[in-house]
Structure formats: C-alpha cells, structure tokens
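Everything on this sheet refers to the single structure shown next.
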C-alpha cells in the first residue's frame, strides 16, 4: 500500500512539473477538494492524468496554430531538390525559398523580403556561374510573372498563345535559362510574402515612415541594393558574373540599381535586361509621346486584320519599319507644328495615320492627330462590340456600351490573374514546401509612390560609362499598349546621345504583349535571346575592363 502511495505521488509530481502555470491553479483546486472529501490519492492521480491529457491536446493545438500563424519569419529558408529537362538536356537544381531582412542604418530589421533562389547543382563550380537577379514592376507587383512564366524552371499551365487553361497549376519550362545561369526572384516590400516589420516597441512605422524607407523611386533602389549585397555575400556569389532583369516598372528599378550597386555597394554588373521598359526618366512628351503610339497601333491593327489589303498582306516585321519611318520623319514634325500645320499637310498626315492605324479618318480628325491609346483600345473594334487589352492587345473585352473613349476593364489582366494566382500559391506551398498562412500579395500596398527625381536612365548610362563590362538588352512585345515597343526603342536611342555606347545596347521585339513570354514561340525565342546576351556579355577569361583608343 505504501509503495502504491509513493508511486502515485511520484506520478502526480511528474505531471505537475509539466503543466503550464496557467493550469496549476486548477490543479490546486482539485487537491483542496480531495482533502475535503477524503478521496484517495490514486483518484486524484487518475484525474490529473486525464486533465493532463486535455492540457497536452490544447498545447498541441496551440503549437499547431502558432506554426500556421499569419506571420512570417524574418530570416528563414526552405531548400528542395529537383530535376528537369531544358533544351533536351537533364539538369539538377536546388530551389531555396525564404526570407532575408532589410536592415536600417542602425542595423535593425525593418522589413523582410521573400525570395526564391534556383541554383544548378550538377556543375563543379557554381561560384563562377552567372547570377540573374530578377524583379517585376508595378510598383507594387510581386516577382511572380517572370518567375512562373518566363525564366524559371516551372511555368504556369497556359495554351500556346498564353491564354489560361484549367486545371490551374504549373508545368516544366523547357526553355528556362537555368541551364546557363542561377536565378533569384526578389519580392520588394509588401509584395509576395515580403512585409514591413514592427519597430522595437511593437508599433508599426507610420505611412510617412514607410514611404521614406521603401515606397519611392530612390528609396526602393537604395534598400534593394543593400539587400542584394547581403544576398550575394551570404550565397558566396561575389565572383559570379551578375545580371539584373526587370519588367515594366522593374526596368526603372534595375536601371537605378546598376549605378547604386556600383557606387554604394561596389558591385559591378555584366548586364541589365529591360523587359517592356518604362521611360526610366527619359522625357518623351509632346509630339514625340503622341507620335510614338502609331507603330503600336499598326501592330495591333495588323493582328486583328483591320488594315487595308496592301498592308495586311505584309509580314509584321516588314510593315513596322515602314510605319516607324513615317512616325520619325513625318508625324513628329507635323505634330510639332500644332495648330499652325497647313490644311494640306494635315490632310495628308491624317490619311496615312488612318491607313496605318486601322482607325477612320473621322476618329483621328476628332482627336487632332493625337489619338490616345485608351481611345484606340475602345475604337478599333467598336463596330464589333469588342475592346482591346491594354497590356496585350491580342486579348479582347466586352463593354456594357459601345460608346465611350476607353474600355470598362482590362481583359488581359483579368485573364492573367485567374491563372497566375492559383499557380504561384500552389507551386510555393506544394512543390517548394514553403508553408505560411499569410496572403501572397500579387499586388501590394505601396502607394502613394514617390516618383520624384527619377534619374534612372541617366544613372544607367553613367553605370555603363564607368563599367566597360556592362551591357544592356531591351525586350518588348509589339502588342503591348502600356509600354509600347517603339517607346522602348526611342528610350534606347536617347539613353546615350553620344553614340559611343550603342554597341552595348540591343533591342529584341516579339509577337506578343507586355509579357511577351506568354506566347510559346516567344517564350522559346526570348529565353534564347537571354542565353546569347549572357554569353556575349561574359568576357573571356583575363579580358581587361578597359576602353581602347
């Protein structure tokens, strides 16, 4: 009997030692009741075992809830191993998904950025392989579009023209550049799983504080340059040839980063790729802005068979140089004359604009030769009750009314979101094993965005001048009405008016839109263009970085 009592006491003490402090008061209450009712100690031990079981179950639930809390670790990584086939050759690679802090000048973590890093594992020397650092745009867009549709090893399920298909998900990208370069996709603050962090006192920075740290042309460039430096250091990639690729507003970002990395991080690049570029701070207002739309109008009208037979029967690559020549040599000078243009010249220009754009002379006349892109999207197929997509004018929308000067919605964006969103959420969670309950922000809260003092184009030119290794390639889709391809060409021409850098500047056009890689033929070609750009801009061993007379 004594041995049983001792055993029961030992069991009770062991259980008691493992109980949370918040539950001990409840057990003390049970002990008091036992003494009053003269219950045997064995009874109490039995009750405690049952009670402990409930507590253990509750604790497990708490731990499970904590594991799936709507928060993300400041500094983390998950590594998975994979194998794929690119251009018919089998390669092995690792995928690292994780977060890395953004530090302020006091070495305090003020944000954490989510990234996905692909590294080939079946090569002897990774440190000398090219490293591609990839950003999308917005501002406020996650680095999802090029990740699961362009250069990454897995791309979303779409048809050969880029339209979504079900079931949603991902498939192998047989054209990924992972065979020749490692790639990291970086999500700026408030995009993807990247988040602003609370201050030391637990409060969140004010909107003004966040804007100053993150949400502006130059703030964005500054903190991302510091983040890239840390990433390169952690992953031992200082010896690697390094490249930046940005899409849309991401081209503003990487143009500025090229100089910021050189001057403040002492990191010199081999290449910058501008996909569907913005103006990167280079002025093109007035007559140039109005005229530069015409080659895009011609491309979209050609795609929809709205040109007269003589033009429609030409290949697009034969048609566009003709329209570009008219734009530069005739349309810009005509628009520059404004209201003082002669009636005869205006009539001749009007006729040619209608011929190249597919619009009626009456529509163009009503706009005094200055036809906005929004009007074009609404007017080209107005008689069919259809509108054109803004970012990709191959896509068609249906408005409530045929009247008006702009479409009700962007048909291409709604199409993309309902395929990209499930694809990236499935892929990160189920294939790359990154688990969190916070929302993946396709578009994050970054506005109002400070666009003042945008000198990114000038900065890119200066970076090229300072670094003889640095090359730039522009990629643009002919059917992109938001950042049209001829504006991209104009930007390239104006980037260095001296002409001394033109041998390191190149342009590639594609028969698609803003995300030209959605069309399978262009996915193949654009990745191949990247391969050739990387090869051409990686100097032979021992070649000096110098200018020759």
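Numbering (my numbering), first residue to last: 2 to 550. No residue lacks a Cβ here, since even glycine has one placed at the ideal position from N, Cα and C.
### Message
What does the Cβ neighbour count give for residue 548, buried or exposed, with the cut at 16 atoms within 10 Å?
### Response
Here residue 548 refers to the residue found at position 547 of the chain shown. By the neighbour-count rule (16 or more Cβ atoms within 10 Å), residue 548 is not buried but exposed.
### Message
Applying the 10 Å Cβ sphere with the 16-neighbour rule, what's the burial state of residue 99?
### Response
Here residue 99 refers to the residue found at position 98 of the chain shown. So residue 99 ends up on the buried side.
#### Entry: Closer than 8 Å to chain C by CB, residue 541
Annotation note: the requested chain C is absent from the structure, which comprises a single protein chain.
### Message
Between which two residues does the beta strand (DSSP E) holding residue 183 run?
### Response
The residue given as residue 183 occupies position 182 in the chain shown. Segment 183-187, the beta strand (DSSP E) holding residue 183.
### Message
Taking a contact to mean a Cβ-Cβ separation below 8 Å, would you say residue 185 touches residue 118 in this structure?
### Response
In the chain shown, residue 185 corresponds to position 184, counting from 1. In the chain shown, residue 118 corresponds to position 117, counting from 1. Yes, Cβ-Cβ distance for residue 185 and residue 118 is below 8 Å.
### Message
With H, G and I counted as helix, E and B as strand and the rest as coil, what does DSSP make of residue 444?
### Response
Counting from one through the chain shown, the residue named residue 444 turns up at place 443. Residue state, collapsed to three classes: strand.
### For residue 66, the three-state DSSP class (helix, strand or coil)
Counting from one through the chain shown, the residue named residue 66 turns up at place 65. With a pLDDT of 47 at residue 66, under the threshold of 50, the predicted position of this residue should be treated as unreliable, though the coordinate-derived value follows. For residue 66, the three-state secondary structure derived from DSSP is helix.
### Query
Three or more C-beta pairs closer than 8 Å, one from the segment 279-298 and one from the segment 526-534: is that the case here?
no
#### Entry: Range covered by the alpha helix (DSSP H) that runs through residue 521
Locating residue 521 in the chain shown gives position 520, where the first residue counts as 1. That run of the alpha helix (DSSP H) goes 521-538.
### Query
Hey, how far is the Cα of residue 68 from the Cα of residue 74?
Position 67 of the chain shown holds residue 68. Position 73 of the chain shown holds residue 74. Residue placement at residue 68 is flagged as unreliable, the pLDDT there being 46, under the threshold of 50; a coordinate-derived value is accordingly withheld.
### Query
Beta carbon of residue 390, beta carbon of residue 411: below 8 Å?
Taking the chain shown and counting its residues from 1, the one referred to as residue 390 is at position 389. Taking the chain shown and counting its residues from 1, the one referred to as residue 411 is at position 410. Their beta carbons are under 8 Å apart, which means residue 390 touches residue 411 by this criterion.
### Query
So, is residue 36 buried or exposed, given that buried needs 16 or more other C-beta atoms within 10 angstroms?
For the purposes of this step, residue 36 is taken as the residue at position 35 of the chain shown. Residue placement at residue 36 is flagged as unreliable, the pLDDT there being 49, under the threshold of 50; the coordinate-derived value follows with that caveat. With fewer than 16 other Cβ atoms within 10 Å, it is exposed.
### Task
Return yes when the Cβ of residue 517 is within less than 8 Å of the Cβ of residue 476, no when it is not.
Residue 476 sits at position 475 when you count from the first residue of the chain shown. Residue 517 sits at position 516 when you count from the first residue of the chain shown. Closer than 8 Å, so yes.
### Query
Is residue 486 near the ligand PLP, judged by its Cβ being under 7 Å from some heavy atom?
Among the components of this structure there are no ligands whatsoever, and the ligand PLP is therefore not found.
### For residue 261, the nearest candidate out of 461, 524 and 507 (CA to CA)
The residue you call residue 261 lines up with position 260 of the chain shown. When each option's Cα is compared against that of residue 261, the closest is 461.
### Task
Determine which residues share a DSSP beta bridge with residue 472 and list them.
As a position in the chain shown, residue 472 is number 471, starting the count at 1. Answer by DSSP bridge pairing, in chain order: 272.
### Query
Thinking just about the alpha-carbon of each residue, which of 187, 109, 140 and 114 is nearest to the one in residue 147?
Within the chain shown, numbered from 1, the residue matching residue 147 stands at position 146. For the set 187, 109, 140 and 114, the Cα lying nearest the Cα of residue 147 is the one of 187.
### Message
Here's the rule: buried if 16 or more other CB atoms are within 10 angstroms of the residue's CB, otherwise exposed. What is residue 500?
### Response
Taking the first residue of the chain shown as position 1, residue 500 is located at position 499. Under this definition residue 500 is an exposed residue.
### Burial state of residue 280 (16 or more Cβ within 10 Å)
The residue you call residue 280 lines up with position 279 of the chain shown. Per the 10 Å Cβ criterion, buried.
### Query
What residue from 264, 344, 137 and 394 has the CA that sits closest to residue 374's CA?
Residue mapping note: residue 374 aligns to position 373 of the chain shown, counting from 1. Nearest of 264, 344, 137 and 394 to residue 374, Cα basis: 394.
### Query
What is the DSSP secondary structure of residue 83, counted as helix, strand or coil?
In the chain shown, residue 83 corresponds to position 82, counting from 1. Here residue 83 sits in strand by DSSP.
### Query
First and last residue of the beta strand (DSSP E) that includes residue 120?
For this step, residue 120 is matched to residue 119 along the chain shown. Its beta strand (DSSP E) spans residues 110-121.
### Message
Quick check on this structure: which residue in 88, 92 and 71 has the alpha carbon closest to the alpha carbon of residue 526?
### Response
Counting from one through the chain shown, the residue named residue 526 turns up at place 525. Comparing Cα-Cα distances from residue 526 to each of 88, 92 and 71, the minimum goes to 88.
### Query
From this set, 363, 97, 71 and 92, which residue's C-alpha is nearest residue 81's C-alpha?
By one-based count along the chain shown, residue 81 stands at place 80. That would be 97, whose Cα lies nearest to the Cα of residue 81.
#### Entry: Segments assigned alpha helix (DSSP H), at least 4 residues, entirely inside the segment 133-177
Counting whole runs of 4 or more residues, the segment 133-177 contains no alpha helix (DSSP H) stretch at all.
### Message
Using only the alpha-carbon positions, how far apart do residue 483 and residue 382 sit?
### Response
Counted from its first residue, the chain shown places residue 483 at position 482. Counted from its first residue, the chain shown places residue 382 at position 381. Straight-line Cα distance between these residues: approximately 18 Å.
### Task
Quick one: which unbroken beta strand (DSSP E) runs of 3-plus residues sit fully inside the segment 183-225? Chain order, please.
Restricting attention to beta strand (DSSP E) runs no shorter than 3 residues, the segment 183-225 encloses them at 183-187, ordered along the chain.
### Query
Looking at C-beta atoms only, is the number of pairs between the segment 345-358 and the segment 251-271 that lie closer than 8 Å three or more?
As far as the Cβ criterion goes, the segment 345-358 does not touch the segment 251-271, which means the pair count is below three.
#### Entry: 8 Å CB neighbourhood of residue 65 in its chain, flanking five on each side removed
Looking up residue 65 in the chain shown gives position 64. For residue 65, the predicted structure reports a pLDDT of 48, less than 50, and the residue's modelled location is therefore unreliable. A value from the coordinates is still provided. Counting only Cβ-Cβ distances below 8 Å, and skipping sequence neighbours, we find nothing.
### Query
Can at least three beta-carbon pairs, one atom from the segment 245-263 and one from the segment 138-145, be found at a separation below 8 Å?
yes
### Query
So what's residue 484 in DSSP terms, helix, strand or just coil?
Translated into positions along the chain shown, residue 484 becomes position 483. Note: residue 484 maps to coil in three-state DSSP.
#### Entry: Neighbourhood of residue 437 by C-beta, 7 Å cutoff - its chain only, sequence neighbours within 5 removed
For the purposes of this step, residue 437 is taken as the residue at position 436 of the chain shown. For residue 437, where only same-chain residues beyond five positions count, the Cβ hits under 7 Å are 73 and 194.
### Message
Using 8 Å as the threshold, is the C-beta distance between residue 173 and residue 142 below it?
### Response
Here residue 173 corresponds to residue number 172 of the chain shown, with the count starting at 1. Here residue 142 corresponds to residue number 141 of the chain shown, with the count starting at 1. In this structure, residue 142 does not lie closer than 8 Å to residue 173 by Cβ.
### Query
alpha helix (DSSP H) containing residue 313: first to last residue?
Numbered from 1 along the chain shown, position 312 holds the residue referred to as residue 313. Per DSSP, the unbroken alpha helix (DSSP H) holding residue 313 starts and ends at 310-313.
### Task
Could you check which residue in 421, 420 and 379 has the C-alpha nearest to that of residue 401?
The residue labelled residue 401 in the question sits at position 400 within the chain shown. When each option's Cα is compared against that of residue 401, the closest is 379.
### Task
Give me the Cα-Cα distance between residue 458 and residue 443, rounded to the nearest whole angstrom.
Here residue 458 is taken as the residue at index 457 of the chain shown, counted from 1. Here residue 443 is taken as the residue at index 442 of the chain shown, counted from 1. If you take the alpha carbons of residue 458 and residue 443, they lie about 27 Å apart.
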